[in-house]
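The structure appears right after this line, and notes come after that.
Residue numbers (the working numbering): 71 to 465.
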């Protein structure tokens with residue numbers, strides 16, 4: 071059943087707390103629905119229809135494709151809860167997909183899962199939940215939201231370090247977290263699968279989704295070619311010294327840190343990597359692996375989970391990619407929503423367009439904030455800034 075804005079003729083008056091569960095058809099979201107029903111909530115399952123593809127056919131194996139919709143529908147029926155499909159295809163295309171394409175056209179590497187969380191899974195979903203008189207929304211993310219003694223909500227890593235998804239949730243605010251439930255974050259993945267098996271949920275052994283949901287085959291370059299053939303625009307590949315050593319097919323098809331598929335040979339016979347993408351001149355700059363090491367980045371569109379930015383440089387554990395290790399760093403506020411991040415040790419392939427997330431320095435468990443990487447700074451410049459920040463922090 072497709073879910074309209076309001077459902078007064080379908081839903082009965084509330085007798086308990088009502089929660090809308092985002093059911094992707096995967097084991098995490100299905101167990102989320104089962105757990106909340108067992109806890110006494112009035113549970114309504116909602117599956118997002120996000121993408122219908124280039125030829126009007128959904129990517130069946132993606133997290134929000136036709137197979138997943140059917141899985142979610144079957145689980146909802148087994149649990150005895152209402153289930154609706156919420157058609158968000160136009161909104162998803164206008165926000166997440168458009169942002170994905172635009173970032174690549176500017177030589178940046180986006181994270182569409184973060185934008186989907188920001189625009190769809192929380193902002194729009196909460197709006198729909200309000201229209202359905204729901205008290206909460208719930209997701210199957212491996213992260214925890216805890217209300218502290220300070221009466222503020224704190225975003226913590228999930229207990230399963232290998233499945234933790236707190237990195238992609240840095241944009242959550244205090245008002246949003248007051249309305250969000252994430253019960254899965256308190257369990258390991260193995261425990262979640264075992265609960266699903268014991269409840270007789272057929273998705274207990276369903277593999278996790280690994281692909282970008284709207285990019286079939288995980289080939290983003292082919293997706294860009296089909297959606298924006300004008301992005302195929304040749305330009306020079308140059309060394310850091312400015313020597314032209316090849317031709318690229320269009321800056322949108324390359325990412326910082328890329329080594330394979332460049333179609334070039336090093337003048338000195340050593341491996342070369344993309345170290346910078348210059349959208350203004352349509353140029354790809356390549357260099358040695360060590361050229362990708364940097365200690366400083368400028369981060370914009372920053373969200374502070376606690377609600378207030380720090381008044382002075384803050385020591386954190388900074389993470390600049392979903393799978394990158396965290397490194398101790400200073401975060402210096404520049405404006406209300408822009409910061410300078412200076413890591414203690416050089417980080418590899420800090421990439422404009424990716425997300426930098428700040429965890430507390432002491433335990434590394436709590437998300438303090440994060441934002442989009444705008445640019446990086448050379449190691450020499452970053453070393454001088456680190457010295458200045460250390461002097462300020464001791465005042």
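Ideal placement from N, C-alpha and C gives every residue a C-beta, glycine not left out.
Worksheet entry | Secondary structure of residue 341, DSSP reduced to three states | coil
Worksheet item: For residue 126, which residues of its own chain have a beta-carbon under 8 Å away from its beta-carbon, when the five flanking residues on both sides are left out?
Response: Interpretation of residue 126 is limited by its pLDDT of 45, a score under 50 that renders its predicted location unreliable; no figure is taken from the coordinates.
Worksheet entry | Closest by C-alpha distance to residue 100, when choosing among 392, 147, 446 | 147
Worksheet item: Whose C-alpha, out of 250, 157, 142, 140, is nearest the C-alpha of residue 192?
Response: 250
Discussion item. Using the Cβ count rule (16 or more neighbours within 10 Å means buried), how would you classify residue 220?
Written reply: exposed
Worksheet item: Can you tell me where the alpha helix (DSSP H) with residue 171 in it begins and where it stops?
Response: 168-175
Worksheet item: Who are the Cβ neighbours of residue 421 in its own chain at under 6 Å, not counting the five residues just before and after it?
Response: 179, 326
Worksheet item: How about residue 307 and residue 332: are their beta carbons less than 8 Å apart?
Response: yes
Worksheet item: What is the C-beta distance between residue 439 and residue 240, in whole angstroms, given that I count them as a contact (C-beta under 8 Å)?
Response: 6 Å
Worksheet item: Skipping 5 residues on each side, what residues in its chain have a beta carbon closer than 6 Å to that of residue 323?
Response: 291
Fill in: Exposure label - residue 268; buried when at least 16 CB within 10 Å
exposed
Item to complete: Identify whether residue 240 lies in helix, strand or coil by the three-state DSSP scheme.
Response: coil
Discussion item. Along the chain, where does the beta strand (DSSP E) containing residue 304 start, and where does it finish?
Written reply: Unbroken run through residue 304: none, as it is neither H nor E.
Worksheet item: What residue range is occupied by the uninterrupted alpha helix (DSSP H) comprising residue 290?
Response: 290-297
Worksheet item: Looking at the unbroken beta strand (DSSP E) that takes in residue 112, where does it start and where does it end?
Response: 112-119
Worksheet item: Among 432, 423, 96, 255, which has the Cα closest to the Cα of residue 171?
Response: 423
Discussion item. Would you call the region 221-232 in contact with the region 101-118, where contact means no fewer than 3 C-beta pairs closer than 8 Å?
Written reply: no
Worksheet entry | Contacts around residue 361, its chain only, beta-carbon distance under 7 Å, and the 5 residues preceding and following it disregarded | 310, 345
Worksheet entry | Through-space distance from residue 437 to residue 396, alpha-carbon basis | 12 Å
Worksheet item: Just to confirm, are residue 88 and residue 163 a CB contact at a threshold of 8 Å?
Response: no
Worksheet entry | Sequence-distant residues of its chain with Cβ nearer than 7 Å to residue 406 (five each side left out) | 379
Worksheet item: When the Cα of residue 297 is compared with those of 169, 242, 366, which residue comes out closest?
Response: 169
Worksheet item: Are residue 95 and residue 160 touching if we call contact CB-CB under 8 Å?
Response: no
Practice prompt. State the Cα-Cα distance for the pair residue 256 and residue 213, rounded to the nearest angstrom.
Written response: 8 Å
Practice prompt. State the Cα-Cα distance for the pair residue 86 and residue 107, rounded to the nearest angstrom.
Written response: 11 Å
Worksheet entry | Host alpha helix (DSSP H) of residue 196 (start-end) | 195-201
Item to complete: Determine the contact status of residue 209 and residue 252, defining contact as a CB-CB distance below 8 Å.
Response: yes
Worksheet item: If you measure from the CB of residue 250, is any heavy atom of the ligand ZN nearer than 7 Å?
Response: In terms of ligand content, the structure shown is empty, and the ligand ZN therefore cannot be addressed.
Worksheet item: Can you round the beta-carbon distance between residue 408 and residue 370 to whole angstroms, since I take them to be within the 8 Å contact cut?
Response: 5 Å
Discussion item. On the CB-based measure, 16 or more other CB atoms within 10 Å of its CB, does residue 304 come out buried or exposed?
Written reply: exposed
Discussion item. Can you find the residues in the same chain that come closer than 6 Å, C-beta to C-beta, to residue 377, ignoring five residues on each side of it along the sequence?
Written reply: 244
Worksheet item: Do residue 340 and residue 412 come within 8 Å of each other at the CB atom, strictly closer than that value?
Response: no
Discussion item. For residue 386, tell me which candidate among 363, 351, 427 has the shortest Cα-Cα distance.
Written reply: 427
Worksheet entry | residue 199 to residue 354 span [Cα, whole Å] | 45 Å
Worksheet item: Since residue 155 is in the beta strand (DSSP E), which residue starts that stretch and which ends it?
Response: 153-157
Worksheet item: Taking Cβ to Cβ, would you say residue 151 is nearer than 8 Å to residue 113?
Response: yes
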